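Colleague: Quick note, the sequence shown lines up with residues 2 to 329 if you use this note's numbering.
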Amino acid sequence: MVSIIIPIYNVQDYINDCLYSVYIQTYSEIEVILVNDCTPDNSMSIAHSNIEKLKKRFNVKIIDHKSNKGLSAARNSGVKEATGEWVYFLDSDDEITPDCIECFVRLAERYLSVDFIVGGIRVIGRNISYRLTTSEYVIGNDNILKCYISGMWYEMAWNKLIRKEYFVSNNLWFKEGLLHEDQLFSYQLATTALTMATVNKPTYIYKIRMSGAITSSNGRKNFDSFICILEYMVYSVMQKYSTSSVTLEYAQIIRFSYSILLSLYGKHNLTEMEVVNYELKVDRICRIVTFYKCKLPVPIRIKLTIIKLPQTLRKGLLKWHNKKIQKK
Numbered sequence: 002m003v004s005i006i007i008p009i010y011n012v013q014d015y016i017n018d019c020l021y022s023v024y025i026q027t028y029s030e031i032e033v034i035l036v037n038d039c040t041p042d043n044s045m046s047i048a049h050s051n052i053e054k055l056k057k058r059f060n061v062k063i064i065d066h067k068s069n070k071g072l073s074a075a076r077n078s079g080v081k082e083a084t085g086e087w088v089y090f091l092d093s094d095d096e097i098t099p100d101c102i103e104c105f106v107r108l109a110e111r112y113l114s115v116d117f118i119v120g121g122i123r124v125i126g127r128n129i130s131y132r133l134t135t136s137e138y139v140i141g142n143d144n145i146l147k148c149y150i151s152g153m154w155y156e157m158a159w160n161k162l163i164r165k166e167y168f169v170s171n172n173l174w175f176k177e178g179l180l181h182e183d184q185l186f187s188y189q190l191a192t193t194a195l196t197m198a199t200v201n202k203p204t205y206i207y208k209i210r211m212s213g214a215i216t217s218s219n220g221r222k223n224f225d226s227f228i229c230i231l232e233y234m235v236y237s238v239m240q241k242y243s244t245s246s247v248t249l250e251y252a253q254i255i256r257f258s259y260s261i262l263l264s265l266y267g268k269h270n271l272t273e274m275e276v277v278n279y280e281l282k283v284d285r286i287c288r289i290v291t292f293y294k295c296k297l298p299v300p301i302r303i304k305l306t307i308i309k310l311p312q313t314l315r316k317g318l319l320k321w322h323n324k325k326i327q328k329k
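(1) Cutting at 6 Å between CB atoms, please list the residues of its own chain near G213, excluding the five before and the five after it.
(2) Can you tell which of R123, I129, T98, E86 has its C-alpha closest to the C-alpha of L113?
(3) Whole angstroms are fine: how far does the CA of V36 sit from the CA of S22?
(4) Pull up the distance between the alpha-carbon of K71 and that of D38, whole angstroms please.
(5) Nearest by alpha-carbon distance to S260: which of K57, F224, D95, Q13 is it?
(6) Return the residue from the list D95, S93, I118 that minimises the CA-CA distance to E103.
(7) From this set, D284, K57, L265, which residue's C-alpha is nearest V276's C-alpha?
(8) Taking DSSP as the reference, what is the three-state secondary structure of A198?
(9) Nearest-angstrom Cα distance between K282 and E182?
(10) Just how far apart, CA to CA, sit V139 and A198?
(11) Rounded to whole angstroms, what is the Cα-Cα separation between G121 and I206?
(12) For my contact list, N51 and N17 are in at a C-beta cut-off of 8 Å; report their separation, rounded to the angstrom.
(13) Assess contact between the stretch 137-153 and the stretch 185-200, defined as three or more Cβ pairs (one per stretch) separated by less than 8 Å. Is contact present?
(14) When we look at the beta-carbon of T134 and count the other beta-carbons within 10 Å, is it buried (16 or more) or exposed?
(15) Could you tell me the distance, in whole angstroms, from the CA atom of R111 to the CA atom of E96?
(16) Would you identify the three-state DSSP class for F117, choosing helix, strand or coil?
(17) What did DSSP end up calling P203 once you bin it into helix, strand or coil?
(18) If we ignore side chains and look at the alpha-carbon of each, how far apart do I215 and F186 end up?
(19) Between E166 and D143, what straight-line distance do the alpha-carbon atoms span, to the nearest angstrom?
(20) If you draw a straight line from the C-alpha of K1 to the C-alpha of T98, how long is it?
(21) Is N171 helix, strand or coil when you go by DSSP?
(22) Which residue spans inside the stretch 268-306 form an unbroken alpha helix (DSSP H) run of at least 4?
(23) For A75, I'd like the list of residues in its chain whose CB is within less than 6 Å of its CB, leaving aside the five on either flank, ordered along the chain.
(24) Using the DSSP secondary-structure output, state which residues sit across from E96 in a beta bridge.
(25) May I ask you to report which of helix, strand or coil DSSP gives S4?
(26) Name, in chain order, the residues that DSSP records as bridge partners for W321.
(27) For D65, does the count of other Cβ atoms within 10 angstroms reach 16, so buried, or fall short, so exposed?
(28) Comparing alpha-carbon positions, which option in L319, I6, L318 lies nearest K161?
(29) Helix, strand or coil for Y131? Go by DSSP, reduced to three states.
(30) What is the rounded straight-line gap between the Cα of E280 and the Cα of L262?
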């Protein structure tokens, strides 16, 4: 059985389409877990008729948070209540294709030991694409990590069928109070999974909107979350110093550190002093890992060289890089 976990918060304009897409699934062994994260709008009352429809086909559980705890906490609550062998996260402002869960389950039946499966995405609201370029079945943590670092599968937590036993045994609980929780979660998947599979067709309809709970952020909390993720990456590398995956993880740390510094010289609402403080934090963390002697790809070595430059010179190069990105 598959447990579909749907956090609900400020989605009154989208929730009915989301739930209807679950109702018309071609696969029947589904448990639907709705987590009301103390939504202040009419999402739950608007969704009532579709919830009643869902109950005619599937087992439906409704979890009510007494206060707003955030997306990570809502997902964690759903996993704790899940009784299925598999968990699947669906954001309540998105939809899934009618054959979504069936496609995942058929692949899980083909590869019985798979830890998680990733599906394709159709994007609405922006001219971007999330291509999957991994093989249908990938064996070995190093290979999975290589695919992740190369951008061959996306970072979002949704549209992944994850074995619950694997989730719990590897302590993959979402870090509560963190923005960019999906980025940390997918990094944890990439560094712990031994097998993964890919459904190379769209199974998820991702609706990009500029406001709401799922996409909102603010400057200081945004960068606090970046630093938290970076610290986790460094801790992970230090625990695996003798393994062959160190070079891959080290490369990801450098890439992520560079992206944080690049963002600090982009558009945000931080003060100049806050920018300096975040720079110092990145510098301190990077110094921890610079003793690793790894053979890095040339683009990563270039990023590391820029990170190590004196602050004034680094600032100039990063501002130039930002302008170059904006012109594209």
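The C-beta atom is built at its ideal place from N, Cα and C for all residues, glycine as well.
Fair warning: this is a prediction, and the values are worked out from it, not measured in the lab.
Modeller: Once the coordinates are examined:
(1) Here the model assigns G213 a pLDDT of 43, short of 50, so the residue's position is not dependable and the matter cannot be decided.
(2) E86
(3) 17 Å
(4) For the sequence presented, residue 71 should be read as Gly rather than Lys. Going by the C-alpha atoms only, they are around 7 Å apart.
(5) F224
(6) I118
(7) L265
(8) strand
(9) 20 Å
(10) 6 Å
(11) 9 Å
(12) 5 Å
(13) yes
(14) exposed
(15) 25 Å
(16) strand
(17) strand
(18) Low confidence applies to I215: its pLDDT is 39, below 50, so where it sits in the model is not reliable, and the reading given next is rough at best. Their backbone Cα atoms lie some 15 Å apart in a straight line.
(19) 21 Å
(20) In this structure the chain extends from 2 to 329, so residue 1 is not present and cannot be described.
(21) coil
(22) 273-290
(23) P8, V36, D38
(24) I206
(25) strand
(26) According to DSSP, which records beta bridges pairwise, W321 is partnered with nothing at all.
(27) exposed
(28) I6
(29) coil
(30) 7 Å
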